[in-house]
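Number of protein chains: 2
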Amino acid sequence: MEKKIEIEKKVLSENDRLAAIIREKMLESRVVAINLVSSPGSGKTSLLEKTLAAMNSDLRMVLIAGDVQTENDADRLRQAGGKIVRPIITGGACHLDAKMVSRALDKIDLNGADIVFIENVGNLVCPSSFDLGEDMKVVMISTTEGDDKPLKYPAMFRRSSTFIINKIDLLGFSNFDIDKAEENALTINGNLKTFRLSCLKGEGLDLWYQWIRHLVMEKKAIK
Amino acid sequence: MEKKIEIEKKVLSENDRLAAIIREKMLESRVVAINLVSSPGSGKTSLLEKTLAAMNSDLRMVLIAGDVQTENDADRLRQAGGKIVRPIITGGACHLDAKMVSRALDKIDLNGADIVFIENVGNLVCPSSFDLGEDMKVVMISTTEGDDKPLKYPAMFRRSSTFIINKIDLLGFSNFDIDKAEENALTINGNLKTFRLSCLKGEGLDLWYQWIRHLVMEKKAIK
Numbered sequence: 014m015e016k017k018i019e020i021e022k023k024v025l026s027e028n029d030r031l032a033a034i035i036r037e038k039m040l041e042s043r044v045v046a047i048n049l050v051s052s053p054g055s056g057k058t059s060l061l062e063k064t065l066a067a068m069n070s071d072l073r074m075v076l077i078a079g080d081v082q083t084e085n086d087a088d089r090l091r092q093a094g095g096k097i098v099r100p101i102i103t104g105g106a107c108h109l110d111a112k113m114v115s116r117a118l119d120k121i122d123l124n125g126a127d128i129v130f131i132e133n134v135g136n137l138v139c140p141s142s143f144d145l146g147e148d149m150k151v152v153m154i155s156t157t158e159g160d161d162k163p164l165k166y167p168a169m170f171r172r173s174s175t176f177i178i179n180k181i182d183l184l185g186f187s188n189f190d191i192d193k194a195e196e197n198a199l200t201i202n203g204n205l206k207t208f209r210l211s212c213l214k215g216e217g218l219d220l221w222y223q224w225i226r227h228l229v230m231e232k233k234a235i236k
Numbered sequence: 014m015e016k017k018i019e020i021e022k023k024v025l026s027e028n029d030r031l032a033a034i035i036r037e038k039m040l041e042s043r044v045v046a047i048n049l050v051s052s053p054g055s056g057k058t059s060l061l062e063k064t065l066a067a068m069n070s071d072l073r074m075v076l077i078a079g080d081v082q083t084e085n086d087a088d089r090l091r092q093a094g095g096k097i098v099r100p101i102i103t104g105g106a107c108h109l110d111a112k113m114v115s116r117a118l119d120k121i122d123l124n125g126a127d128i129v130f131i132e133n134v135g136n137l138v139c140p141s142s143f144d145l146g147e148d149m150k151v152v153m154i155s156t157t158e159g160d161d162k163p164l165k166y167p168a169m170f171r172r173s174s175t176f177i178i179n180k181i182d183l184l185g186f187s188n189f190d191i192d193k194a195e196e197n198a199l200t201i202n203g204n205l206k207t208f209r210l211s212c213l214k215g216e217g218l219d220l221w222y223q224w225i226r227h228l229v230m231e232k233k234a235i236k
């Protein structure tokens with residue numbers, strides 16, 4: 014087992030090396046990079062569809078859609094108007110790594126872009142260990158998943174900067190306590206910025222769009 | 014990377030060796046073993062709570078609750094009347110393996126039991142690779158997760174025998190097409206037995222209980 018741990022360490026340090034290169038490129042081009050993580054079905058693709066519909070005309074977005082199998086998400090993003098969409102099929106792997114993202118970014122001119130959204134594989138565990146060169150991880154849960162999820166999957170919440178609670182239109186149909194969910198998340202990571210929204214009904218999305226614009230402006234302003 | 018793959022193979026074959034020992038013990042004691050897998054928040058613990066409430070008086074259940082962090086699930090199962098509840102905290106690992114289960118089963122007299130439910134870590138990817146000595150994997154999704162999940166996480170559906178669609182009380186509040194979800198699952202694995210139910214409202218649970226009783230009887234009848 015020691016040998017296994019040693020090799021895992023090597024894999025992670027090689028990943029960190031590649032992630033640092035990606036981060037440097039993003040900085041040079043003043044492009045925001047967001048690594049969007051959640052369980053399967055929390056609404057990562059839906060959020061990106063909405064974001065495209067609302068901001069595609071004024072923001073130049075690159076969308077990288079990771080999946081174990083199928084290009085379903087990439088197809089949805091193209092249909093929603095995504096101009097630069099790169100699918101990554103991991104073929105079984107439970108997370109994206111920096112090498113996959115680095116390849117997906119090849120031949121994209123980042124100087125023409127404002128923001129890169131990396132939609133990770135649906136998995137609340139493994140993607141927490143892999144730096145993809147992002148500015149931040151944004152973790153999402155939905156109101157149908159249980160308000161104790163931050164406590165049960167703490168690593169992901171510890172390593173994220175932002176916490177989205179989606180499907181607030183379904184509040185009241187389950188035992189989910191939204192304040193409790195937020196409290197639990199803040200217990201793990203007191204610095205989390207939080208959004209409450211419904212991709213289906215549109216509630217709360219304006220604040221999300223406003224924040225995305227703010228991130229882009231802030232990055233462009235770096236001297 | 015070759016070295017990594019080689020060591021992964023070794024880890025898996027050691028896992029298979031331990032899983033075979035667990036399977037043999039379960040057979041000797043004529044105990045059914047179910048490995049319950051899903052994303053976080055699909056309702057694994059809720060299903061076990063309901064199953065305890067309905068069948069605790071006539072079935073002797075052992076409950077193994079795997080989580081990355083916290084004993085929340087184990088606590089819920091104890092509160093629901095679980096008599097033999099063993100939490101496994103993986104401390105970061107994204108799946109249960111046979112060694113963890115084997116340790117959890119230590120000191121439990123399986124001859125006094127009818128069924129062992131192993132509630133895996135909430136993760137639709139990694140637990141598919143680990144045999145825990147179970148009779149079958151039961152994979153669950155909920156109606157709020159999207160009907161394409163079987164296509165996107167095919168390994169889990171290929172390696173499961175039974176497919177539960179939970180939260181049917183929320184049908185109509187999202188774009189989830191339940192027939193499509195079942196069709197998608199059957200495309201991956203034509204032999205899947207399917208249940209449609211709502212742990213919250215109770216719909217469909219009687220068929221589940223009946224099937225559990227049937228499994229127990231069938232196992233006891235092995236000569």
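Quick note, the sequences are listed as chains B and G, same order. Per the numbering used here: the first sequence = residues 14 to 236. Per the numbering used here: the second sequence = residues 14 to 236. Ideal Cβ placement from N, Cα and C applies to all residues, glycine included. All values derive from a computational prediction rather than experimental measurement.
Nonlocal neighbours in the same chain, by C-beta distance under 7 Å from residue i, ignoring five residues either side
i                      : result
residue 190 of chain B : 160
residue 215 of chain B : none
residue 86 of chain B  : 58, 78, 80, 132
Cβ neighbour criterion (16 or more within 10 Å) applied to residue i
i                      : result
residue 200 of chain B : exposed
residue 224 of chain G : exposed
residue 234 of chain B : exposed
residue 30 of chain G  : exposed
residue 227 of chain B : exposed
residue 230 of chain G : exposed
residue 135 of chain B : buried
residue 132 of chain B : buried
residue 185 of chain G : exposed
residue 220 of chain G : exposed
residue 78 of chain G  : buried
residue 47 of chain G  : buried
residue 119 of chain B : exposed
Contacting residues, own chain, Cβ-Cβ under 8 Å from residue i (five flanking each side not counted)
i                      : result
residue 169 of chain B : 50, 137, 138, 140, 141, 150, 152
residue 28 of chain B  : 110, 111, 112, 143, 144
residue 217 of chain B : 181, 208, 209, 210, 211
residue 205 of chain B : 170, 173, 174, 175, 176, 198, 199
residue 84 of chain G  : 78, 100, 102
residue 187 of chain B : 156, 157
Supposed contact pair residue j and residue i - C-beta distance, whole angstroms, cut 8 Å
i                      : j                      : result
residue 111 of chain B : residue 145 of chain B : 5 Å
residue 157 of chain B : residue 183 of chain B : 6 Å
residue 232 of chain B : residue 43 of chain B  : 5 Å
residue 33 of chain B  : residue 222 of chain B : Contact flag wrong, Cβ pair sits at about 30 Å.
residue 20 of chain G  : residue 16 of chain B  : 6 Å
Reference residue i, options the options, closest by Cα
i                      : options                   : result
residue 104 of chain G : B/164, B/154, B/62        : B/164
residue 45 of chain G  : G/75, G/173, G/115, G/93  : G/75
residue 208 of chain B : B/187, B/134, B/175, B/39 : B/175
residue 212 of chain G : G/73, G/95, G/71, G/62    : G/62
residue 128 of chain G : G/155, G/65, G/219, G/33  : G/65
residue 126 of chain B : B/171, B/132, B/39        : B/39
residue 115 of chain G : G/171, G/148, G/70, G/36  : G/36
residue 130 of chain G : G/100, G/155, G/154       : G/100
residue 154 of chain B : B/148, B/222, B/178       : B/178
residue 82 of chain B  : B/53, B/120, B/25         : B/53
residue 108 of chain B : B/25, B/203, B/188, B/121 : B/25
residue 236 of chain B : B/188, B/41, B/71         : B/41
residue 167 of chain G : B/120, B/80, B/203, B/147 : B/80
residue 73 of chain G  : G/121, G/22, G/16         : G/121
Other residues of its chain near residue i: CB distance less than 6 Å, five sequence neighbours each side excluded
i                      : result
residue 162 of chain B : 154
residue 69 of chain B  : 94
residue 195 of chain B : 207
residue 117 of chain B : 77, 99, 101
residue 202 of chain B : 170, 171
residue 148 of chain G : 45, 46
residue 71 of chain B  : none
Near the ligand FMN: residue i beta-carbon under 7 Å from a heavy atom
i                     : result
residue 93 of chain G : Only the bare structure without any ligand can be found here, which leaves the ligand FMN out of the picture.
*asked:* Counting beta carbon pairs with one atom in the stretch 82-102 of chain B and one in the stretch 55-63 of chain B, are three or more of them shorter than 8 Å?
replied: Between the stretch 55-63 of chain B and the stretch 82-102 of chain B, the count of C-beta pairs closer than 8 Å reaches three or more; the two stretches touch.
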